[in-house]
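Working notes, beginning with the structure itself.
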Amino acid sequence: MHIDQLAISTQPRNSWKAFDLGCRMAFRWWKPLYGFMLLVTLPFFIALNFISTEYGMFLLWLLKPWFERGLLYIYSREVFGQRVTISETLKAWPSQIKPLWLASITWLRLSPSRAFNVPVAQLEGLTGERRASRLRVLHQTNDNNTGWWTVICAHWEFFIILGLVAMINMLLPETVELNLFDEFGTLMTDYALWYNTLWYIAMVAVAPLYVGGSFAAYLNRRILLEGWDIELNFKKMKQAASDKKQGVVALLVLCFLGFTTPDTKALSLQEEQSADVIEENDTPSEEEEETPARHTEINEALQDVFNSPPFSEKETYKDWRWTGWKWEFEEDKDKEKPDMSGWLAFFAMLAKFSEVILWVVFTLLLGAILWLSREHISRLLNYRLPKRDKVDLPSFSRSYKKSTLPRNIPDELEKLLQESAYRQALSLLLVSSLIQLHQKYALPLKESMTESECLACITEEADSESSQFMGQLIDTWVKLAWAHQWPASEQMQHLVELWQGLFGKVARGESI
Amino acid sequence: MSDNVLDNETLEQSRTKIAELKANVSRVLVGQDDVLEQVIVAFLAGGHVLLEGVPGLGKTLLIRALAQSIALDYKRVQFTPDLMPADVTGHSMLNMATSEFEVRKGPAFTHLLLADEINRAPAKTQAALLEVMQEHQITIDGNSYPLDNPFMVLATQNPIDNEGTYPLPEAELDRFMMKVQVDYPDTDAEVQLTLAVTQSGQSQFNHSLPAVVSLEDVLALKEAATKVLVDERLVEYAVNIVRTSREWQGIVHGAGVRASIALIQAAKVKALLEGHGFVMPDHVKAMVLPVLRHRIILSADQEISGVTNEQVLSAIIEKVPAPRQ
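Line by line, the protein sequences give chains A and B.
Those letters in the first sequence? Residues 270 to 781, by this note's numbering.
Those letters in the second sequence? Residues 3 to 327, by this note's numbering.
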């Protein structure tokens, strides 16, 4: 990272000026930014719309942080004076997505300052507690307006959509009786593709501005925290100095300033350790190649400066400031931790317990949402869910149900025929046949179906032989059940024989 | 064979007669087979029918054709806001010559009474039909006059253009055995109808239909319908459906006892019409929509969300298990 190659002015700004700078950056490097955005998002847009106009755009919206990674890659190179082409960005894109790839499209997706936070993971390569600590430092300012920047950009998207709809409405011939505002109000699926397209245009238009503004705010925070502007000015002074002595003095003052701001140094060191991506471009500077003897010399000279006025005068003043949960910081390990005994320990335990509970609730909620949406998800993925085992089959009879079927049906049928218990025999034939057919053809039967409805369903789904048999069986049953017409014994015998021929799998001693 | 059981010959004769009646009416009323069947079912079951549909779908034509096909007397009353009860039922007036009151019978003294656009008349005129429909008699000046058998009221109402109308009170709606929805015919039927009228150059109304069923035949058919066998489980099924409508989420007011009775009566005629001497669960199911659709009142949230009575009833049919023996 060469801050002296920065394409932007390193003066400290307030956050709004930083967002403005981000927009200007977007205008300056619009070719690679919009080129990349269109190339990457358009295939997704077409494919997802093809799959589902309802849920496709939701998926695209969910994946948006991945596309923004590419934009950030372009910004991070261009801002340090490195030219980036679209093809280079496309090649680098998969590796840019890797850090926090899942988190960025799930629980971090709704973070209002997500674009501001992304450089910490993507460019600095920080994860876990180190990333959290870094973000705490970056957000530790009264001028933190990154959330509002997200709101502003969302409004831009909305206004662009409204503008486009109004424009289409105005361009429509008077004879066309169509008001897109009304159609969008009713969320008609016929116009979902129109709405999706307009949203896509707005999204592509605003995304580079959003990422640019957030990245500029991130750089601005680092300029403020790490004094890039001061460092750069002294570097310029050093280059301007012609003789070696002047160079040493300038270097001394530079080092002195570096040592007088311990927090900044700590942050710089941490950043240097972790910023893998940015460090790729770094080359060892002259200062780093100094010998230890040279360092001692510098330290001694520095000490002399410290001991002379005005630095020897020390002034102490006290006031109260919120500095965050410092005792959690990794860099504060050596510091004395607050006394956590007594009620503080209780609250700390309570906090930990609450955290566990919250995670459990979150996981359960996520699971419940997925479970309740399983039909939609399966439709979206074009995957057929396995049918539930529990099916409310119409039994037509109170005598037998699926659960009360005898183990040996042929023997039971024979016994019932001998006893002339035709009602029970027909009932057994019906229930067992329906179960067999349902298992074989997955018939969409319901408990509320009548005999004729079942027969119609069987005729449609099952083979002709089974349909014919069921036709005879149901006809006999209907006459017995509703017309009170007793079947002849020959007819019953014939039905049992047909049943045995058809459902031969149900052999003696075998249950269904 | 017992007198209470239908023999095959009677069944076949009944089926044929009803089929002839349907075919005869269908000569002028094209593409409304379901409507015609439901009206015939209600007629033979001794009920009254409320026909709902936009103008121009042949509601009046249906009744006229039905009356001609059975050789029955037919009267039509156009309900208007200034129609008085006496205009429907009749009244007594002083005969100056004899100085005696004479009863002038109204149009309700007929076999088939068409109450056209019934919801355009005020409540008191609509209420005049209550006694007529329920008790098949008309009281004028304290004297009751029984109506001829068969007697049927076929009222029509327009689902649109509701300004200046008086919605039928629940008590009166309940007296209609069925509410029949008259929809536009399908494309083929509409083409056939248009061709028939344009080629003959004669309006359907000018067609005079021959009577294919006599008054005696109608009485015999009604008698046969009462003899159709209904198993007790089917009565339980019908009652279950009606009772479920009272407990259903989204229905503020479910169907009453009259609905269960009407459901079974209609199912019996439906069975007869199909040539069966016994009622099957399908017959009951088929009659649920026309018999119950006007007897339930949906909750406000259901109506606001656009749910129709028919959708709710279909859900009830899906929910109630079919009868088991």
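Cβ atoms here follow ideal geometry from the backbone N, Cα and C, with glycine treated the same way.
For residue i, three-class secondary structure by DSSP
{"i": "residue 354 (chain A)", "result": "coil"}
{"i": "residue 622 (chain A)", "result": "helix"}
{"i": "residue 313 (chain B)", "result": "helix"}
{"i": "residue 147 (chain B)", "result": "strand"}
{"i": "residue 325 (chain A)", "result": "helix"}
{"i": "residue 307 (chain B)", "result": "coil"}
{"i": "residue 54 (chain B)", "result": "strand"}
{"i": "residue 155 (chain B)", "result": "strand"}
{"i": "residue 34 (chain B)", "result": "coil"}
{"i": "residue 139 (chain B)", "result": "strand"}
{"i": "residue 296 (chain B)", "result": "coil"}
{"i": "residue 255 (chain B)", "result": "strand"}
{"i": "residue 280 (chain B)", "result": "strand"}
{"i": "residue 24 (chain B)", "result": "helix"}
{"i": "residue 532 (chain A)", "result": "Any reading at residue 532 (chain A) must be qualified, since the residue scores a pLDDT of 43, below 50, and its modelled position is unreliable; the value itself is stated next. Helix at residue 532 (chain A)."}
{"i": "residue 240 (chain B)", "result": "helix"}
{"i": "residue 344 (chain A)", "result": "helix"}
{"i": "residue 283 (chain A)", "result": "coil"}
{"i": "residue 301 (chain A)", "result": "helix"}
{"i": "residue 470 (chain A)", "result": "helix"}
{"i": "residue 652 (chain A)", "result": "coil"}
{"i": "residue 426 (chain A)", "result": "helix"}
{"i": "residue 500 (chain A)", "result": "helix"}
{"i": "residue 330 (chain B)", "result": "Any question about residue 330 (chain B) goes unanswered here, given that chain B covers just 3 to 327."}
{"i": "residue 295 (chain A)", "result": "helix"}
{"i": "residue 290 (chain A)", "result": "helix"}
{"i": "residue 647 (chain A)", "result": "helix"}
{"i": "residue 336 (chain A)", "result": "helix"}
With 16 other Cβ atoms within 10 Å as the buried cut-off, status of residue i
{"i": "residue 219 (chain B)", "result": "buried"}
{"i": "residue 162 (chain B)", "result": "exposed"}
{"i": "residue 711 (chain A)", "result": "exposed"}
{"i": "residue 687 (chain A)", "result": "exposed"}
{"i": "residue 376 (chain A)", "result": "exposed"}
{"i": "residue 49 (chain B)", "result": "buried"}
{"i": "residue 296 (chain B)", "result": "buried"}
{"i": "residue 403 (chain A)", "result": "buried"}
{"i": "residue 326 (chain A)", "result": "buried"}
Proximal residues to residue i (C-beta, below 6 Å), its chain only, five neighbours per side dropped
{"i": "residue 544 (chain A)", "result": "Here residue 544 (chain A) scores only 40 on pLDDT, less than 50, and its place in the model should not be relied on; the value that follows carries that caveat. 393."}
Beta carbon proximity, residue i to chain B, threshold 8 Å
{"i": "residue 747 (chain A)", "result": "yes"}
{"i": "residue 701 (chain A)", "result": "no"}
{"i": "residue 224 (chain A)", "result": "Since the first residue of chain A shown is 270 and the last is 781, residue 224 (chain A) is not available in this structure."}
{"i": "residue 427 (chain A)", "result": "no"}
{"i": "residue 322 (chain A)", "result": "no"}
{"i": "residue 757 (chain A)", "result": "no"}
{"i": "residue 751 (chain A)", "result": "yes"}
{"i": "residue 739 (chain A)", "result": "no"}
{"i": "residue 721 (chain A)", "result": "yes"}
{"i": "residue 761 (chain A)", "result": "no"}
{"i": "residue 412 (chain A)", "result": "no"}
Minimum Cβ-Cβ distance from residue i to chain A less than 8 Å
{"i": "residue 19 (chain B)", "result": "no"}
{"i": "residue 319 (chain B)", "result": "yes"}
{"i": "residue 284 (chain B)", "result": "yes"}
{"i": "residue 308 (chain B)", "result": "no"}
{"i": "residue 111 (chain B)", "result": "no"}
{"i": "residue 233 (chain B)", "result": "yes"}
{"i": "residue 45 (chain B)", "result": "no"}
{"i": "residue 287 (chain B)", "result": "yes"}
{"i": "residue 324 (chain B)", "result": "yes"}
{"i": "residue 281 (chain B)", "result": "yes"}
Proximal residues to residue i (C-beta, below 8 Å), its chain only, five neighbours per side dropped
{"i": "residue 87 (chain B)", "result": "126, 127, 129 and 130"}
{"i": "residue 348 (chain A)", "result": "275, 276, 277, 294, 484 and 488"}
{"i": "residue 359 (chain A)", "result": "305, 308, 309 and 339"}
Beta-carbon proximity list for residue i, same chain, < 7 Å, skipping 5 on both sides
{"i": "residue 31 (chain B)", "result": "38, 60, 63, 64 and 67"}
{"i": "residue 93 (chain B)", "result": "106 and 142"}
*Run through the segment 679–720 of chain A for me and flag every whole alpha helix (DSSP H) of 4 or more residues, listed as ranges in chain order.*
The qualifying runs are 691–710.
*Please go through the segment 63–121 of chain B and give each complete alpha helix (DSSP H) segment of 4 or more residues, from N-terminal end onward.*
Segments of the alpha helix (DSSP H) lying fully in the segment 63–121 of chain B: 87–91.
_If we require 4 or more residues per run, which alpha helix (DSSP H) segments fall completely within the segment 353–415 of chain A?_
The qualifying runs are 355–366, 370–374, 383–391 and 397–408.
_In chain order, what are the residue ranges of uninterrupted alpha helix (DSSP H) at least 4 long that sit wholly in the segment 720–767 of chain A?_
Those alpha helix (DSSP H) runs which fall completely within the segment 720–767 of chain A and span 4+ residues are 720–730 and 733–750.
*Ranges of the beta strand (DSSP E) found wholly within the segment 176–236 of chain B, counting only runs of at least 3*: Fully contained in the segment 176–236 of chain B are the following beta strand (DSSP E) runs of length 3 or more, in chain order: 180–183.
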